[in-house]
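To start, the structure itself, in C-alpha cells.
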Ligand code: SAH
C-alpha cells in the first residue's frame with residue numbers, strides 16, 4: 224500500500240519540486256508514494272476565478288475564501304477519506320519527528336497550502352483541518368512548508384532509505400541531538416579523527432557517542448532534555 228499525498232495549492236508547479244529528485248524522487252517513480260497537486264483556482268465559481276477576498280473587519284492583505292477551499296477539499300478528500308487533513312500555518316502545532324513518524328505510518332495526507340494572510344477560520348473548523356507549523360517564522364506561502372513535511376515523511380516510508388538503521392540513530396529519535404561524524408582523511412588541516420573512533424572498541428565508541436550526544440544536547444537544546452526523563 225502506497226502513501227498518498229494530495230496538496231491543495233495556487234502553485235501546483237511547485238510540486239514535486241525537490242521531491243522529484245534523489246531518494247524521494249526515486250520512491251515517487253517506484254510508486255512507494257504518490258503526489259497529486261490540485262489547483263485551488265479550479266474550484267472558483269466566478270469568471271475571474273477568484274480565490275481570495277478582503278478581510279472582514281478591515282486591515283491589510285487578502286484572505287482565502289471558505290467556499291472555494293471547501294470545494295477543493297471535498298474534491299481531494301471526500302467524506303470517509305482516512306487521511307489526516309493538514310493546513311500549513313505558522314499558528315499550528317510545531318512539526319516534530321514523532322508527528323512525522325505517525326504520518327509516515329498512515330495512509331497518506333491531505334495538505335492545504337495557505338497564501339496571502341491565510342484562510343477563513345470557518346473553513347478550518349468546518350473541514351477539521353489540523354494546523355501544522357514548520358517553525359517560528361513566516362513564509363510567503365504554505366508550499367515550501369508542505370515540501371518540508373513531505374520530505375521528512377517520505378524518507379521514513381519502507382524501502383526509501385537504503386540503511387534503515389541510520390534513521391533510528393538520528394537526532395530527536397532518542398530525545399538527543401546526534402553525535403558528531405568523521406570520515407577520511409585520518410588528519411585534516413592538523414585535526415585528527417578522535418582516537419576512540421579508530422580504536423575498534425565498539426563499546427567505547429558507543430559510550431563516546433552517547434556522551435557527545437548528551438553534551439551537545441545540553442549545550443544547544445536543553446529543552447529536549449527536559450522532556451526526556453531518560454537523560455539527566
Ligand atoms: N498572516 C499570517 C501569515 C500568513 S503567511 C500570520 O501572521 O499568521 C501565508 C501562508 O504561508 C500561511 O497561510 C501558511 O500556509 C504559510 N506559512 C507561513 N509560515 C509558515 C510556517 N512557519 N509554517 C507553516 N506554514 C507557514
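Residue numbers (the numbering used here): 224 to 455. Yeah, the Cβ is synthetic: ideal placement off N, Cα and C, and Gly gets one too.
Residue from the options with nearest C-alpha to residue i
{"i": "residue 339", "options": "356, 240, 361", "result": "361"}
{"i": "residue 368", "options": "437, 395, 337", "result": "337"}
{"i": "residue 316", "options": "423, 258, 356", "result": "356"}
{"i": "residue 365", "options": "225, 227, 224, 237", "result": "237"}
{"i": "residue 297", "options": "396, 412, 347, 224", "result": "347"}
{"i": "residue 334", "options": "419, 260, 424", "result": "260"}
{"i": "residue 332", "options": "273, 359, 422, 370", "result": "370"}
{"i": "residue 439", "options": "394, 421, 427", "result": "394"}
{"i": "residue 290", "options": "264, 228, 423, 245", "result": "264"}
{"i": "residue 448", "options": "400, 299, 301, 228", "result": "400"}
{"i": "residue 396", "options": "413, 321, 294, 426", "result": "321"}
{"i": "residue 272", "options": "255, 256, 451, 233", "result": "233"}
{"i": "residue 375", "options": "404, 363, 328, 412", "result": "328"}
{"i": "residue 231", "options": "262, 253, 254, 242", "result": "262"}
{"i": "residue 404", "options": "268, 435, 267", "result": "435"}
{"i": "residue 266", "options": "378, 228, 299", "result": "299"}
C-alpha gap between residue i and residue j, whole angstroms
{"i": "residue 446", "j": "residue 430", "result": "23 Å"}
{"i": "residue 433", "j": "residue 402", "result": "7 Å"}
{"i": "residue 292", "j": "residue 319", "result": "27 Å"}
{"i": "residue 373", "j": "residue 417", "result": "36 Å"}
{"i": "residue 240", "j": "residue 326", "result": "21 Å"}
{"i": "residue 313", "j": "residue 342", "result": "12 Å"}
{"i": "residue 235", "j": "residue 398", "result": "36 Å"}
{"i": "residue 285", "j": "residue 421", "result": "59 Å"}
{"i": "residue 270", "j": "residue 288", "result": "15 Å"}
{"i": "residue 415", "j": "residue 226", "result": "44 Å"}
{"i": "residue 295", "j": "residue 244", "result": "28 Å"}
{"i": "residue 257", "j": "residue 276", "result": "32 Å"}
{"i": "residue 437", "j": "residue 363", "result": "36 Å"}
{"i": "residue 442", "j": "residue 344", "result": "40 Å"}
{"i": "residue 224", "j": "residue 419", "result": "44 Å"}
{"i": "residue 427", "j": "residue 392", "result": "17 Å"}
{"i": "residue 255", "j": "residue 425", "result": "35 Å"}
{"i": "residue 444", "j": "residue 304", "result": "38 Å"}
{"i": "residue 301", "j": "residue 359", "result": "32 Å"}
{"i": "residue 198", "j": "residue 268", "result": "Look at the range of the chain in this structure, 224 to 455, and you will see that residue 198 is not part of it."}
{"i": "residue 450", "j": "residue 274", "result": "42 Å"}
{"i": "residue 323", "j": "residue 228", "result": "14 Å"}
{"i": "residue 242", "j": "residue 379", "result": "14 Å"}
{"i": "residue 413", "j": "residue 377", "result": "39 Å"}
Stretch-stretch touch, CB-based, cutoff 8 Å, three pairs: the region 304–318 with the region 269–282: Not touching, per the Cβ criterion.
Segments assigned beta strand (DSSP E), at least 3 residues, entirely inside the region 278–317: If we require 3 residues or more, the beta strand (DSSP E) runs fully inside the region 278–317 come out as 308–317.
Inside the region 239–285 only - alpha helix (DSSP H) runs reaching at least 4 residues: Whole alpha helix (DSSP H) segments, 4+ residues: 245–253.
Cβ pair count under 8 Å reaching 3, the region 374–385 against the region 245–257: The count of Cβ pairs closer than 8 Å, one atom from the region 374–385 and one from the region 245–257, reaches three, so the stretches are in contact.
Stretch pair the region 404–417 + the region 343–354: three plus CB contacts closer than 8 Å: No: the two stretches stay apart, fewer than three of their Cβ pairs being nearer than 8 Å.
Sequence ranges, alpha helix (DSSP H) only - wholly within the region 381–419, length at least 4: Listed in chain order, the complete alpha helix (DSSP H) runs (minimum 4 residues) inside the region 381–419 are 387–391.
Pocket of ligand 1 defined by Cβ to heavy atom distance under 6 Å: Residues with a Cβ closer than 6 Å to any heavy atom of ligand 1, in chain order: 311, 312, 313, 314, 336, 337, 338, 340, 341, 356, 357, 358, 360, 361, 362, 364, 365, 368.
Alpha helix (DSSP H) runs wholly inside the region 334–383, at least 4 long, in chain order: Qualifying alpha helix (DSSP H) stretches, in chain order: 344–349, 366–377.
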